[in-house]
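Okay, so here's the structure we're looking at.
Residue numbers (the working numbering): 113 to 216.
Here you go:
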């Protein structure tokens with residue numbers, strides 16, 4: 113039994129919903145960056161699922177785009193982690209509420 117495109121769409125929607133909840137409900141910046149990583153993973157799941165579900169000859173195009181999306185997501189998460197470290201060094205605590213207190 114193989115999974116069809118609707119299963120991949122459902123999984124992608126569930127991962128995206130978890131990511132949205134993580135961004136909106138969390139206060140710690142590390143948890144927010146991890147939730148943003150989930151937001152980037154959701155369309156990747158859909159892309160791979162749809163390209164493999166239709167089984168057209170250029171399946172490698174979907175895999176190549178997925179590798180590019182994973183590389184971009186890892187760069188964004190690395191930048192987020194770097195900003196968290198800078199925030200922690202500047203204020204002594206890593207809390208999203210302190211972002212409003214920072215001045216030039």
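We put the beta carbon where it would ideally sit given N, CA and C, even for glycine.
Source: prediction; values computed, not measured.
Asked	Found
Member of 140, 117 and 128 whose CA lies at the smallest distance from the CA of residue 192	140
DSSP three-state assignment for residue 205, whether helix, strand or coil	coil
Option nearest residue 182 by Cα separation, candidates 132, 126, 166 and 151	151
Exposure label - residue 161; buried when at least 16 CB within 10 Å	buried
Which of helix, strand or coil DSSP assigns to residue 140	coil
Buried or exposed (CB count within 10 angstroms, at least 16 for buried), residue 176	exposed
Cutoff 8 angstroms; reference residue 142; Cβ partners in own chain excluding five residues on either side	193, 196 and 206
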